[in-house]
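Below you'll find the structure, written out as structure tokens, and then a few comments.
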Amino acid sequence: MVKETMSLLRQMIDDREKTIVQEIINVETKQRKQIENCKIPLGNQLQFLNLRKAILDMHLIIKDHTTLLKAKEEFDDYLKKTNETLESLQIPTRIIYHSQGLKQLQQLKEEILVHGQYVEYNNPELQKLMMDNGTNEKLDLENKQLIDHDMTIVADVLRKTKVRKTIFLQQKRTGA
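For the sequence shown, the UniProt record's numbering begins at 1 and goes up steadily by one.
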């Protein structure tokens, strides 16, 4: 029962994790596209700016003051238009990821730790019998009503001892 519950919980967590990862991938892909859409116009603006600068430098070399003043006015107009264009570009902002249910997941984890604690089974009577038996080769468990956890204790003790033992267990007979 606990194993099934834990496997179902693990599956739920894995499914939720896959969903969250896919959402993050979708958001990042969308943001990359937006950034690429902003980079292209900015690259074009940079090329055009370099061209304008080259023209202005050429006018400086020629030292024709009238064409230089005219080119400066054109360059100033170009800078104003470029600033307006840059301000109108909507640069994508980073999205802060928020996933619903993460606080609930932490609370669920704490509840599992509280309610799903492993309780170690002890049977002091059986443990005393096993210790008292010591190196005796026969272990009589015939009249003991043992459960699975008791048999685990017996198996652990037998693994640790080097003495070969014969175990007598109660046989249950069913039917008529």
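Positions of the beta carbon are idealized from the N, C-alpha and C atoms, including for glycine. Remember, predicted model here, so these are calculated numbers, not experimental data.
Shown here, Leu60 sits in a helix according to DSSP, grouped into three states. Cβ contact annotation for Met130 (same chain, cutoff 8 Å, sequence separation greater than five): Leu139, Ile153, Val154 and Val157, in chain order. Within a 10 Å sphere around the beta-carbon of His149 sit fewer than 16 other beta-carbons, which makes this residue exposed. Buried is the label assigned to His59, since at least 16 other Cβ atoms lie within 10 Å of its Cβ. In the three-state reduction of the DSSP assignment, Leu51 falls in the helix class, which pools H, G and I. Distance from the CA of Asn133 to the CA of Ile147, rounded to the nearest whole angstrom, comes to 20 Å. For Ile13, the CB contacts under 8 Å within the same chain, skipping 5 residues up- and downstream, are Leu105 in chain order. Pairing Gln47 with Thr82 gives a Cβ-Cβ distance that is not under 7 Å. Rounded to the nearest angstrom, the gap between the Cα atoms of Leu42 and Glu23 is 29 Å.
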